[in-house]
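Per this note's numbering, the sequence shown runs over residues 1453 to 1540.
Even for Gly, the Cβ is constructed at its ideal location relative to N, Cα and C.
What follows is one structure encoded as structure tokens, with my remarks underneath.
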Amino acid sequence: MHTEHLTVTGMTCGGCASKVTKALTAIAGVSDVKVLLAEGAAVVQYDERATAPAQLKAAIEGAGYGVMDAANVPAASGQPRLLRPAPS
């Protein structure tokens, strides 16, 4: 089991959080989803043999929301990635 921390953009209400939750839970291999509206984040537990972070991102985008790019965010080895915007 793996945990992915995603920064989700565009959520403004509880309905948005529900829509993101529904999109993520529909993915095979996802076992738990917590969407934190106030933080603009989603924490997803999934079986890495059944799905991948790219599929999680695609589901969020397919629901009409954005996911911040992690290109400039270092991830500690073995730790979940937290996708946040790079500092200006």
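Here's the rule I'm using: 16 or more other beta-carbon atoms within 10 Å means buried, otherwise exposed. How should residue i be labelled?
{"i": "Leu1488", "result": "exposed"}
{"i": "Ala1469", "result": "buried"}
{"i": "Lys1509", "result": "buried"}
Where do the N-terminal and C-terminal ends of the alpha helix (DSSP H) with residue i fall, by residue?
{"i": "Glu1513", "result": "Pro1505 to Gly1514"}
{"i": "Thr1477", "result": "Gly1466 to Thr1477"}
For residue i, collect the residues of the same chain with a Cβ closer than 8 Å to its Cβ; drop the 5 residues on either side in sequence, then sort them by chain order.
{"i": "Gly1518", "result": "Val1460, Thr1461, Gly1462 and Ile1512"}
{"i": "Thr1477", "result": "Val1485"}
{"i": "Gly1492", "result": "Thr1459, Val1460, Thr1461 and Met1463"}
Starting from residue i, follow the beta strand (DSSP E) in both directions and report where the run begins and ends.
{"i": "Leu1488", "result": "Val1482 to Leu1488"}
{"i": "Tyr1498", "result": "Ala1493 to Tyr1498"}
So, at 6 Å on beta carbons, what are the nonlocal neighbours of residue i in its own chain, with the 5 sequence-adjacent residues on each side left out?
{"i": "Gly1481", "result": "Tyr1498, Asp1499, Ala1502 and Thr1503"}
{"i": "Ser1483", "result": "Gln1497"}
Among residues of its own chain, excluding the 5 on either side of residue i, which ones have a beta-carbon nearer than 7 Å to its beta-carbon?
{"i": "Val1472", "result": "Val1460, Met1463, Val1487, Ala1494, Ile1512, Ala1515 and Tyr1517"}
{"i": "Gly1466", "result": "Leu1489"}
{"i": "Pro1505", "result": "Glu1456"}
{"i": "Gln1507", "result": "Ile1479"}
{"i": "Gly1475", "result": "According to the sequence shown, residue 1475 is Ala rather than Gly. Same-chain partners within the cutoff: Ala1511, Ile1512, Gly1514 and Ala1515."}
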